[in-house]
Structures are given as C-alpha cells and as structure tokens.
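Asks: In full-length UniProt numbering, the protein residues as written are 1 to 346.
Where a beta carbon is used, it is the ideal one built from N, C-alpha and C, also for glycine.
I'd like to ask you about the structure that follows.
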C-alpha cells in the first residue's frame with residue numbers, strides 16, 4: 001500500500017473519531033462516523049484477496065445502513081422536539097432507532113453477523129483498529145444518550161451478546177474470529193451497565209481496548225493466525241507466549257489480573273441496582289468465554305502439538321520484543337492493585 005494513502009487513511013481515522021467524540025450536534029457526529037467508515041475501507045481491502053474484498057463490501061453496507069438509521073433517528077427527534085442536540089434525544093421511536101443503529105455499528109447481537117467475517121478478512125493491524133478504535137465513537141454516542149435509552153432492550157441485547165459471544169467462540173479455530181466473538185461478549189458487559197453507570201462502561205471499554213491491543217500486537221509479532229500455528233509458535237518467542245497467556249487470562253476476567261476489575265465493578269453496580277438475576281446470568285455466561293480463552297492460553301504455552309507426521313520447528317526470533325508490547329502487557333496484567341486510584345480518576 002502506498003505510504004501516502006496509508007497516512008491519509010490513518011489521519012482521516014483520527015479526524016473522524018475526534019469529530020464524533022467532541023460534537024454535540026447530530027449532523028457533526030454523523031459526519032465523523034462517515035469519515036471513519038470511508039477511511040478504514042482502503043485498510044481492509046489493501047491485500048486484494050477475495051476474502052478481503054468481501055469483508056470490505058460487508059463492512060461498507062452494514063455501516064452505511066447503520067449511519068442511515070442514525071440520521072433517520074436524529075431527524076425524527078428533531079421533527080417532533082425541534083432539538084438537534086445529542087443529549088436531547090427524547091422521542092421514544094428515535095431512541096429505539098438509535099439503539100438499533102449503534103448496535104449495528106458496534107456488532108451487538110442481533111446485528112453481530114458482519115463483525116467476525118470482516119475481522120477474519122482484514123489484516124491483523126486493521127483488525128486491531130476495527131476491534132478497538134472504531135468502536136470508540138459509537139460508544140461515545142451511547143454514553144451521551146444513555147439517560148434516554150430503553151433499559152429492557154439494552155439489557156436483552158447485552159445478555160444475548162454475552163451468550164452468543166461465548167457460544168460461537170467455542171468451536172472456532174481462526175484466532176481473529178475468536179477475538180471477534182470475544183469482542184461481542186465484552187460489548188454485552190458494556191451495554192448492560194451503560195444506563196446505570198455510563199462512566200463504568202467507558203472504563204470497561206478502555207481496559208478491554210488495552211488487553212485487545214496487547215493480544216493483537218503479540219499475535220502480529222509471532223505471525224499467528226490459527227490455533228494450529230499458535231501451537232508451534234512457542235518455539236519462536238517462548239517469553240512472549242508466556243505473557244500472551246497472562247493477557248488472555250486477563251481478557252477472561254480472572255483475578256488478580258486487570259480484566260477482573262471491570263467485571264467486578266459491573267457485578268457490584270448491577271447488585272446495587274437490584275438486578276441480581278441479570279448479574280448472575282451474565283457472570284455464568286462469562287464462563288463460556290473463559291473456556292475459549294483457556295483453550296487459547298493452553299495452546300500458546302502449555303501444550304506441545306501432537307504431530308504424527310514430520311514437522312519442522314519454526315525459527316526462533318532473535319529480535320527483542322518492542323517496548324510497546326512490554327508496556328501494554330504490563331498494563332494488561334498488573335492494573336488491579338491500582339483500582340482505587342483508577343476509580344477516583346473516573
């Protein structure tokens with residue numbers, strides 16, 4: 001890919017995200033989302049592989065539909081209330097349409113169908129952007145409109161996302177698809193709490209992004225795309241694979257790792273809101289996710305592959321681990337003791 005094209009795409013992504021998260025008017029938020037969509041398309045399709053082209057078309061159609069729904073929602077609200085301010089979304093139909101549009105943008109159930117396929121068809125670096133940065137503007141819009149959204153609808157979508165993200169990830173062998181279903185499952189945790197504690201949703205998103213960035217960077221370094229290649233990548237970088245195991249367990253939400261913090265706080269907040277049943281259900285559903293994270297962790301470090309045929313070991317990588325991976329891995333695993341400080345800053 002031409003370096004100038006890549007630079008323009010990345011700058012447009014930053015511009016679109018900045019416009020959306022800093023706007024109060026619906027038209028400006030919509031403009032930022034459209035810039036984001038158009039900027040990521042060359043990055044998805046740059047390999048010119050049929051799967052990448054298919055992923056690009058799927059992504060474009062879904063995002064265009066979601067943007068149209070969002071625009072229709074804001075125009076309906078403006079028609080009935082005369083308000084174009086994002087925080088003044090009060091019309092019930094507009095709220096339902098906006099929830100559907102944002103769910104489509106994020107990949108929440110039942111609008112999740114595009115996300116695993118698009119992630120699988122994208123290069124690793126683009127998949128990282130799709131799983132983290134591209135979700136930030138829609139989450140921000142949800143954050144600003146959280147006080148007017150329908151609690152029953154959001155809770156139902158959240159439970160369905162946690163369930164489907166767990167179930168569908170169980171039989172996958174492609175790493176990017178497993179991480180896509182992991183993302184859907186985490187979005188369920190964010191959606192269930194956004195009405196009651198919007199700041200907690202943002203904290204969950206930040207920590208999820210931190211752990212996902214670490215996982216993607218590590219997998220990109222070892223050039224791992226499937227479970228079968230993950231089973232032999234221990235020979236390349238033994239130490240990096242050991243830290244990958246910790247990051248995956250952190251994504252699963254096991255104490256005493258960073259990923260335990262958001263789940264613990266969400267369960268606590270749901271219990272305060274007298275939603276103990278929902279807290280119990282979503283906690284039980286997270287066990288499904290724990291299974292496939294444990295499977296990934298097991299393949300990455302603990303097991304040696306059973307090879308009936310002759311198998312060539314992969315070359316050991318002698319280049320040192322980049323400082324970025326070292327910093328992100330430390331943050332992804334060791335932030336739990338700092339939770340009182342994190343809570344006071346949010």
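Name the residue from 195, 78, 165 whose alpha carbon lies nearest to the alpha carbon of residue 113.
Replies: Out of 195, 78, 165, 165 has the C-alpha closest to the C-alpha of residue 113.
Asks: In the structure shown, what three-state DSSP assignment does residue 236 receive?
Replies: Looking at residue 236 - three-state DSSP - the assignment turns out to be coil, as it is neither helix nor strand.
Asks: Between the alpha carbons of residue 325 and residue 94, how many angstroms are there, rounded?
Replies: The straight-line gap from Cα to Cα measures roughly 43 Å.
Asks: Residue 218: buried (16+ other C-beta within 10 angstroms of its C-beta) or exposed?
Replies: It counts as buried.
Asks: Return the CA-CA distance between residue 102 and residue 279, expressed in angstroms with no decimal places.
Replies: One C-alpha to the other measures close to 23 Å.
Asks: Who are residue 226's beta bridge partners in DSSP?
Replies: Residue 226 pairs with 174.
Asks: What is the DSSP secondary structure of residue 365, reduced to helix, strand or coil?
Replies: Here the chain has residues from 1 to 346 only, and residue 365 is not among them.
Asks: Are residue 301 and residue 235 close, meaning C-beta to C-beta below 8 Å?
Replies: Their beta carbons are not under 8 Å apart, which means residue 301 does not touch residue 235 by this criterion.
Asks: Which first and last residues belong to the alpha helix (DSSP H) in which residue 135 is found?
Replies: Where residue 135 is concerned, there is no enclosing alpha helix (DSSP H), given that its DSSP letter is neither H nor E.
Asks: Whole angstroms is fine: what's the gap from residue 126's alpha carbon to residue 185's?
Replies: C-alpha separation (whole angstroms): 20 Å.
Asks: Based on Cα-Cα distance, which residue from 198, 292, 180, 181 lies nearest to residue 149?
Replies: Nearest C-alpha to residue 149: 198.
Asks: Spell out the partners DSSP gives residue 25 in its beta bridges.
Replies: DSSP, once it has assigned bridges, lists 85 as partnering residue 25.
Asks: Mind checking whether residue 81 and residue 90 have CB atoms under 8 Å apart?
Replies: The answer is yes: Cβ separation under 8 Å.
Asks: Do the CB positions of residue 154 and residue 191 come within less than 8 Å of each other?
Replies: Yes. Within cutoff.
Asks: Whole angstroms are fine: how far does the CA of residue 116 sit from the CA of residue 215?
Replies: In a straight line, the C-alpha of residue 215 is about 16 Å away from that of residue 116.
Asks: Would you report the Cα separation of residue 107 and residue 40, rounded to the nearest angstrom?
Replies: Looking at the two C-alpha atoms, the distance is approximately 16 Å.
Asks: From residue 274 to residue 196, what distance separates their C-alpha atoms?
Replies: In a straight line, the C-alpha of residue 274 is about 11 Å away from that of residue 196.
Asks: Residue 208 by DSSP, collapsed to three states: which one?
Replies: Residue 208 falls in the helix class under three-state DSSP.
Asks: For the pair the region 38-58 and the region 159-177, tell me if three or more CB-CB distances fall below 8 Å.
Replies: They do not touch, by the three-pair rule.
Asks: For residue 118 and residue 265, what's the separation of their Cα atoms in angstroms?
Replies: Near 31 Å, if we compare the C-alpha coordinates of residue 265 and residue 118.
Asks: Pull up the distance between the alpha-carbon of residue 25 and that of residue 84, whole angstroms please.
Replies: Taking the straight line joining both Cα atoms gives about 6 Å.
Asks: Name the two residues that bound the continuous alpha helix (DSSP H) containing residue 93.
Replies: Here the alpha helix (DSSP H) through residue 93 covers 92-106.
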